[in-house]
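For reference, the structure discussed in these notes is given below.
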Amino acid sequence: MLTNESKDPKDRERMRKSLDEIVAKLDQAHGSSDAWKGSIDSHKEEWERLKSDISEKQRALKSLVTEKKAGRVGTAEFEDKYKKLQDDLTDLEFKVYNLRLGTSIER
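Counting the sequence shown from 1 gives a position; our numbering is that position plus 10.
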């Protein structure tokens, strides 16, 4: 896992190189859409599961906001559930990036 807490210059240099590699992979160079399609085609079941999970979390988030606006959820409960849903969505986003890039990056 990458963190920015390291004070060791070697750790910072490794992190910088790792981030540079990730940025290079994310670069929208020639053939990027073909690579994306190939990644989806070769991991069809995983993509479908991720899409379903993301949609489910987005619906839950929308419902939570609606419940909060209607006054049926208190502030503390809302903040706890909201943070959990956002964390879940971030984890799913990392899974999408990892599947797309063929990496194993964690947040």
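Where is the CB? At the ideal position from N, CA and C, for every residue including glycine.
- Judged by pairs of C-beta atoms under 8 Å, the region 64 to 71 touches the region 98 to 112, as three or more such pairs exist.
- Between the C-alpha atoms of Thr-85 and Tyr-92 there is a straight-line separation of about 10 Å.
- Counting along the chain, no alpha helix (DSSP H) covers Ser-114, and no H or E run does either.
- In this structure, DSSP gives Val-106 a helical state, which the three-state scheme calls helix.
- The three-state reading of DSSP puts Ala-45 in helix, counting H, G and I together.
- For the pair Val-106 and Leu-60, the CB atoms are nearer than the 8 Å cut-off.
- In this structure, the CA atom of Asp-18 is about 20 Å from the CA atom of Glu-116.
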